[in-house]
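K.L.:
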Amino acid sequence: MMNISLKGKEQGMKDDRIVDLYWIRSEDAITETSIKYGKYCYG
3 MMNISLKGKE
13 QGMKDDRIVD
23 LYWIRSEDAI
33 TETSIKYGKY
43 CYG
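When we follow this note's numbering, the leftmost residue of the sequence shown carries the number 3, and every step to the right adds one.
Written out as C-alpha cells, the structure is:
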C-alpha cells in the first residue's frame, strides 16, 4: 500500500492518501506524515 522508491526520492504514502487519513481522523495520519516528512523537520 505504501509507495516506496528504491532510490529514496519518495518514501511513504502519497500526499492525498495522508490527507484522507486526516479527514477521517485516523491516528495513522500522524505516523505516515512522520515517515514521509520527518527528515525535513528533524534534519
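Beta carbons: idealized from backbone N, C-alpha and C, even for Gly.
1) Spatial neighbours of Gly40 within its chain, please: CB distance less than 6 Å, with the 5 preceding and 5 following residues excluded, ordered by chain position.
2) Ser28 by DSSP, collapsed to three states: which one?
3) Work out the CA separation of Tyr24 and Thr33 for me, nearest whole Å.
P.N.:
Taking the definition as stated:
1) Result list for Gly40: empty, nothing under 6 Å.
2) The answer is coil: DSSP assigns Ser28 none of H, G, I, E or B.
3) Thr33 and Tyr24: Cα-Cα distance of roughly 11 Å.
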